[in-house]
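What follows is one structure encoded as structure tokens, with my remarks underneath.
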Amino acid sequence: MNIFRLCGDLSHLLAILLLLVKIWKTRSCAGISGKSQILFAIVYTTRYLDLFTSFVSIYNSVMKIVFLSASYGTLYLMFYKFKPTYDHNHDSFRILYLIVPALVLSFVIVHAYTLMEVLWTYSIYLEAVAIMPQLFMVSRTGEAETITSHYLFALGSYRALYILNWIYRYYTEDFLDLIVIIAGIVQTILYCDFFYLYITKVLKGKRLSLP
Amino acid sequence: GEAILKHDEL
Chain H
1 MNIFRLCGDL SHLLAILLLL VKIWKTRSCA GISGKSQILF AIVYTTRYLD LFTSFVSIYN
61 SVMKIVFLSA SYGTLYLMFY KFKPTYDHNH DSFRILYLIV PALVLSFVIV HAYTLMEVLW
121 TYSIYLEAVA IMPQLFMVSR TGEAETITSH YLFALGSYRA LYILNWIYRY YTEDFLDLIV
181 IIAGIVQTIL YCDFFYLYIT KVLKGKRLSL P
Chain S
212 GEAILKHDEL
């Protein structure tokens with residue numbers, strides 16, 4: 001554990017809880033992509049199956065349980081409790097275009113051919129692109145609510161902070177996992193355009209709207 | 212190797 005990873009995890013946690021609380025408080029999931037949330041639920045499920053097979057620390061286990069619960073809680077709110085507020089007309093990204101290639105890639109580039117390892121690798125590849133339906137939705141509607149922008153910024157910052165963590169780990173403990181590092185870089189690059197808009201608009205008190 | 216398969220991150 002180092003400061004970059006801790007900040008990354010806290011940023012990730014903040015993003016997930018921010019989204020959950022926003023939907024709960026406003027009684028609405030307008031502007032949120034249910035498809036991205038489905039992908040994140042798949043990501044957490046396939047990655048954290050190791051809750052039952054490999055113990056790392058209390059911290060890791062608790063965080064995994066929180067991420068899983070919050071993710072399924074978000075799905076429950078979006079597709080059941082506040083379903084009428086779900087804006088499915090604008091959530092039109094075809095997620096099979098992400099699910100299938102990520103699955104194929106996890107069989108092609110993987111550290112070891114075991115079920116758990118392929119599932120873990122799949123979760124890494126899918127996470128890298130899971131935000132695309134949400135970004136697509138923002139581009140279709142041409143705007144995002146300020147809290148949705150904060151959510152996206154926190155979620156994007158998490159993997160960027162993990163990149164600093166991997167650089168630190170490379171020098172301090174020879175850690176080098178190219179699968180997660182390259183996927184993490186791709187994931188962070190996808191947010192760059194949004195980061196620019198967030199810094200130039202939202203931080204100056206303006207609503208995030210596209211020209 | 213072995214170390215990499217024990218995923219210790221989230």
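Protein chains in written order, with this note's numbering: chain H, 1 to 211; chain S, 212 to 221.
Cβ coordinates follow ideal geometry from the N, Cα and C atoms, glycine included.
Just so we're clear, the structure is a prediction, and the values are computed from it rather than from any experiment.
Could you check how far apart the C-beta atoms of residue i and residue j are, in whole angstroms? I think they sit under 8 Å.
| i | j | result |
| --- | --- | --- |
| residue 4(H) | residue 168(H) | 6 Å |
| residue 18(H) | residue 158(H) | Going by Cβ atoms, the distance from residue 18(H) to residue 158(H) rounds to 12 Å, so no, they are not a contact pair. |
| residue 133(H) | residue 33(H) | 4 Å |
| residue 86(H) | residue 149(H) | With 8 Å as the limit, residue 86(H) and residue 149(H) do not qualify as a contact, their Cβ atoms being about 19 Å apart. |
| residue 122(H) | residue 96(H) | Rounded, the Cβ-Cβ distance is 14 Å, inconsistent with contact. |
| residue 90(H) | residue 140(H) | 5 Å |
| residue 22(H) | residue 147(H) | 5 Å |
| residue 183(H) | residue 124(H) | 5 Å |
Return yes when the Cβ of residue j is within less than 8 Å of the Cβ of residue i, no when it is not.
| i | j | result |
| --- | --- | --- |
| residue 43(H) | residue 126(H) | yes |
| residue 116(H) | residue 53(H) | yes |
Classify residue i: buried if its beta carbon has 16 or more other beta carbons within 10 angstroms, exposed otherwise.
| i | result |
| --- | --- |
| residue 180(H) | buried |
| residue 120(H) | buried |
| residue 204(H) | exposed |
| residue 60(H) | buried |
| residue 112(H) | exposed |
| residue 16(H) | buried |
| residue 47(H) | buried |
Rounding to the nearest angstrom, what Cα-Cα distance links residue i and residue j in this structure?
| i | j | result |
| --- | --- | --- |
| residue 145(H) | residue 114(H) | 42 Å |
| residue 76(H) | residue 13(H) | 18 Å |
| residue 36(H) | residue 137(H) | 10 Å |
| residue 128(H) | residue 156(H) | 10 Å |
| residue 24(H) | residue 38(H) | 18 Å |
| residue 79(H) | residue 49(H) | 24 Å |
Give a single yes or no on whether residue i has its beta carbon closer than 7 Å to a heavy atom of the ligand SAH.
| i | result |
| --- | --- |
| residue 106(H) | Questions concerning the ligand SAH fall outside what the structure shown contains, since it holds no ligand whatsoever. |
Checklist entry - the segment 156-171 of chain H: which residues have C-beta closer than 7 Å to a C-beta of chain S, in chain order? => result none
Checklist entry - For the segment 60-81 of chain H, which residues have a CB atom closer than 8 Å to at least one CB atom of chain S, in sequence order? => result 60, 63, 64, 67
Checklist entry - For the segment 86-118 of chain H, which residues have a beta carbon sitting closer than 7 Å to at least one beta carbon of chain S? => result 111, 112, 117
Next on the checklist: Beta carbons nearer than 9 Å to chain S: which residues of the segment 24-54 of chain H have them?
Outcome noted: 47, 48, 50, 54
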